[in-house]
Amino acid sequence: LELETALHKAIERNELVLYYQPKVEAQTGRLVGVEALMRWRRGETLVPPNEFIPMAEETGLIVPLSEWALREAARQAREWQLGFGFSESIAVNMPSRMFLRHDLVELIHASVSPYGIPHRMLLLEITESSLMKDLQSILPTLRRLNEVGVQISVDDFGTGYSSLQYLTELPISELKIDRSFVNKLGREPKASEVIHLIISLAQALNLRVVAEGVETSAQMNLLRSLQCRLMQGYLIGRPMPGPDLPAWLRAHA
Ligand code: G
Ligand code: G
Ligand code: NA
5 LELETALHKA
15 IERNELVLYY
25 QPKVEAQTGR
35 LVGVEALMRW
45 RRGETLVPPN
55 EFIPMAEETG
65 LIVPLSEWAL
75 REAARQAREW
85 QLGFGFSESI
95 AVNMPSRMFL
105 RHDLVELIHA
115 SVSPYGIPHR
125 MLLLEITESS
135 LMKDLQSILP
145 TLRRLNEVGV
155 QISVDDFGTG
165 YSSLQYLTEL
175 PISELKIDRS
185 FVNKLGREPK
195 ASEVIHLIIS
205 LAQALNLRVV
215 AEGVETSAQM
225 NLLRSLQCRL
235 MQGYLIGRPM
245 PGPDLPAWLR
255 AHA
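Using this note's numbering, you'd call the opening residue of the sequence shown number 5 and step up by one each time.
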């Protein structure tokens, strides 16, 4: 309960921060977007999301946290846009609870418009398991988001029992291969077969595919040979504070 009260106050006390992890094109290394990942600055410590997101989901605090993340990501995108012409996508993690709201499209509009960020630049990540669990209720919101140009990415793909029937009909843009598969690449023969299957599925459905959790160049090379187009992971870049992105870009070019 103490943690809950503290988190409640964290927003107004400016204790939340977003870190950003680059997502790049596998063949060229070119930046195609970033994913916003939340951190909580509590005194001297930077609390990782797995220590407060589950509690926030249980208590409903995830709603104000997600609203804050949308605004803050838009603000940061604007700062990068003015600073160095950033025009790539910015991904924000969204719990299914947010997609169950009828006013999500309006909320997004209110979050990005003050900063002049086009809806096209915004990508919302939803985990495969929460998407499939609440699909019927979420679908109308997904369609409205799609109409205004907001893109949807299915996170932790391969762990959540997607209905292939539904997948063909969903207004989504991207699948993110769960990092557990990437982690097993080169060690377990089946991992590369599963990844190959997800990539083929994505191609058939005309979706982008991203490998998450790429940590070694051996994994990167295997993923390239499997025709994986986009990658994210510690090898490419760790999640970093927004102001560090220009330096990462210079070092990475
Ligand atoms: O950043 P880190 O690797 O510690 O993230 C751990 C988990 O927390 C990931 O599954 C990530 O999706 C989730 N997470 C990180 N930031 C956010 C956020 O802003 N909102 C939500 N809902 N989940 C987040
Ligand atoms: O997709 P999801 O939101 O669950 O993933 C984001 C989480 O993965 C964050 O906690 C982030 O810090 C973490 N992460 C990002 N890249 C890597 C990586 O290369 N290896 C590992 N183990 N975790 C990573
Ligand atoms: Na994510």
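Backbone N, C-alpha and C fix where the C-beta goes; we use that ideal spot for every residue, glycine too.
- Of the candidates I240, A215, G241, G237, the residue whose Cα lies closest to the Cα of S229 is A215.
- Distances from the CA of Y24 to each of T220, E92, M102, A208 were compared; the closest alpha carbon is that of E92.
- For a cut-off of 8 Å, the C-beta gap from L65 to L11 is around 6 Å, short enough to register as a contact.
- With respect to the C-alpha of L7, the residue from E39, E62, G33 having the closest C-alpha is E62.
- A distance filter of 6 Å between CB atoms and the heavy atoms of ligand 3 selects the following residues in sequence order: E39, N97, E129, D159.
- According to DSSP, A95 shares a beta bridge with E39, L127.
- Within the model, the alpha-carbon separation for L108 versus S70 is close to 11 Å.
- It is roughly 16 Å from the alpha-carbon of L22 to the alpha-carbon of A60.
- Rounded to the nearest whole angstrom, the CA to CA distance from I94 to L74 is 10 Å.
- Put simply, of V186, P144, R101 the residue whose alpha carbon is nearest the alpha carbon of A222 is V186.
- Between the beta-carbon of M235 and that of L227 there is about 6 Å, and that keeps the pair under the 8 Å contact cut.
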